[in-house]
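K.L.:
In short: position in the sequence shown from 1, add 196, done, that's my numbering.
Note that the Cβ used here is the ideal one computed from N, Cα and C, for glycine as well.
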Amino acid sequence: MSHRCFTLAVALTLSLLVARAAPQAVLTDTPQPPQPLATPVPRFPPDPQRIEFEAEDGVKLVGYYYPAAVEPAPVLVLMHWVGGSHCEWVYANLVQWLQNRGLPEGMVANPACEGVDARFTLPLAEYPPLPAGRSFAVFAFDYRGHGESGNAMTGTGRILQGWLEDSIAAVQTARTLPGVDPDRVATIGASIGADGAIDGCGEGCLGALSLSPGSYLGVAYEEAVTTLDRENKPAWCIVSRQDGESFPVCEAASGEHYRKIVYEQNEHGMSFFRPDLVPGTGQNILDFLLSVFGN
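1. Alpha helix (DSSP H) containing Q292: first to last residue?
2. Enumerate in chain order the residues of its own chain whose CB-to-CB distance from M303 is below 7 angstroms, with the five nearest sequence positions on each side excluded.
3. Would you check whether the ligand MN has a heavy atom nearer than 8 angstroms to the C-beta of P327?
4. Given 8 angstroms as the limit, is there contact between the region 315-330 and the region 338-354, that is, 3 or more CB pairs closer than that?
5. Shortest alpha-carbon distance to G385 belongs to which of V255, D243, I481 and P268?
6. Using alpha carbons as the reference points, say which of I388, D391, A390 and Q368 lies closest to R380.
7. If you count every other CB in all the chains shown that lies within 10 Å of the CB of L318, and 16 or more means buried, which is it?
8. What does the Cβ neighbour count give for S450, buried or exposed, with the cut at 16 atoms within 10 Å?
9. With respect to the beta strand (DSSP E) encompassing A264, which residues constitute its N-terminal and C-terminal limits?
10. Do you know how far the Cα of V237 is from the Cα of Q461?
11. Which of helix, strand or coil does DSSP assign to L360?
12. Within the continuous beta strand (DSSP E) that includes G385, where are the two ends?
13. For V255, collect the residues of the same chain with a Cβ closer than 7 angstroms to its Cβ; drop the 5 residues on either side in sequence, then sort them by chain order.
14. If the criterion is Cβ atoms closer than 9 angstroms, does the pair A390 and W277 meet it?
15. Kindly list the residues whose CB is nearer than 8 angstroms to the CB of F489, restricted to its own chain and excluding five residues on each side of it in sequence; keep chain order.
16. Closest to P475 by C-alpha separation, out of Y459, N289, L424 and Q245, would be which residue?
17. Give a yes or no on whether the C-beta atoms belonging to L405 and A366 are separated by under 9 angstroms.
18. Along the chain, where does the alpha helix (DSSP H) that runs through W285 open and close?
19. Between the beta-carbon of A494 and the beta-carbon of L373, is there less than 9 angstroms?
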């Protein structure tokens with residue numbers, strides 16, 4: 197072999213060895229940026245839905261359901277005071293705040309409430325922001341003899357027993373509403389509704405907040421608190437020290453999960469929705485909700 201051919205052969209061999217040793221390019225698919233998740237569209241609009249139901253004794257009752265933005269959603273059952281109606285919770289903007297879906301403030305949030313007078317006046321309490329993404333379903337109803345519900349009220353004892361039955365029926369009805377988690381119910385009530393809130397807090401109900409309870413419905417408030425406490429369920433009382441009926445009742449109750457919030461101002465029931473209380477009623481309700489449903 198000539199020197200020239202030998203040199204060429206060596207050069208070709210070396211070039212092949214270098215080519216084999218060089219890292220080989222691997223073709224891969226270009227990674228795509230993550231796509232944002234679509235925001236779920238609520239199955240139900242925020243508008244109130246009229247619900248008809250019955251108490252155990254057959255009295256026909258009416259309430260309004262405000263669906264949450266998420267489901268299955270925890271549900272709040274709101275119970276008004278004597279002489280009032282479900283509309284007072286709308287007037288106080290509690291319904292709108294809990295639902296957190298942009299319903300307007302005041303009675304215009306529910307056409308059935310336009311023209312209805314509330315038994316407490318402006319200015320009203322303000323509410324703290326709800327945690328991000330929070331939206332509660334709300335069920336606010338009329339006790340018998342009030343608003344749109346039937347009138348079957350004969351004798352004081354029968355009236356009180358009837359309101360107790362209404363409270364129980366409202367909680368159980370709320371558990372059946374579409375989009376609601378039947379095992380995540382809580383109640384809020386004022387005066388007679390304060391007792392209804394805790395007395396009606398049965399299956400599926402995780403806690404009750406009472407504005408000025410008075411053992412009005414024939415069940416001792418302290419006994420109702422003890423019943424919930426045994427089940428590790430929060431029972432909260434908001435009361436004025438000057439309230440001769442409600443303060444002794446709240447003072448007598450006790451329990452590991454019981455909380456009593458006492459104000460020096462002379463308020464009762466829905467009149468706690470005023471802006472100058474410290475802490476505000478809105479903050480108290482938020483704290484209660486977090487204690488019941490968690491963060």
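P.N.:
Result, derived from the coordinates:
1. What you label residue 292 is simply residue 96 of the sequence shown in a count that begins at 1. Counting along the chain, the alpha helix (DSSP H) containing Q292 begins and ends at L290 to Q295.
2. Along the sequence shown, read from residue 1 onward, the residue named residue 303 stands at position 107. Here the set comprises C283, V286, Y287, C309, E310 and V312.
3. Here there are no bound small molecules, and the ligand MN is not part of this structure.
4. no
5. Locating residue 385 in the sequence shown gives position 189, counting from the first residue. Considering only alpha carbons, the answer is I481.
6. In the sequence shown, counting from the first residue as 1, residue 380 sits at position 184. The residue with the shortest Cα to Cα distance from R380 is Q368.
7. Numbered from its first residue, the sequence shown carries residue 318 at position 122. Its Cβ having fewer than 16 others within 10 Å, L318 is exposed.
8. One-based indexing of the sequence shown puts residue 450 at position 254. When all chains shown are included, S450 counts as exposed.
9. Sequence index remark: in the sequence shown, residue 264 carries index 68 (1-based). Unbroken run through A264: none, as it is neither H nor E.
10. The count along the sequence shown starts at 1 and reaches residue 461 at position 265. The count along the sequence shown starts at 1 and reaches residue 237 at position 41. Each residue's Cα considered, the two are about 44 angstroms apart.
11. Locating residue 360 in the sequence shown gives position 164, counting from the first residue. Reduced to three states, the DSSP call for L360 is helix.
12. Taking the first residue of the sequence shown as position 1, residue 385 is located at position 189. Here the beta strand (DSSP E) through G385 covers V376 to A386.
13. Along the sequence shown, read from residue 1 onward, the residue named residue 255 stands at position 59. R340, G346, A348 and G358.
14. Along the sequence shown, read from residue 1 onward, the residue named residue 390 stands at position 194. Along the sequence shown, read from residue 1 onward, the residue named residue 277 stands at position 81. The answer is yes: Cβ separation under 9 angstroms.
15. If you number the sequence shown from 1, residue 489 lands on position 293. Contacts found: P270, R380, A382 and L402.
16. In the sequence shown, counting from the first residue as 1, residue 475 sits at position 279. Closest by alpha carbon: Y459.
17. Start at 1 with the first residue of the sequence shown, and residue 405 comes out as number 209. Start at 1 with the first residue of the sequence shown, and residue 366 comes out as number 170. Result no, Cβ atoms of L405 and A366 do not sit closer than 9 angstroms.
18. Here residue 285 corresponds to residue number 89 of the sequence shown, with the count starting at 1. Unbroken alpha helix (DSSP H) run through W285: C283 to Y287.
19. Beyond the ends of the chain as shown, which are 197 and 491, falls residue 494; an answer cannot be given.
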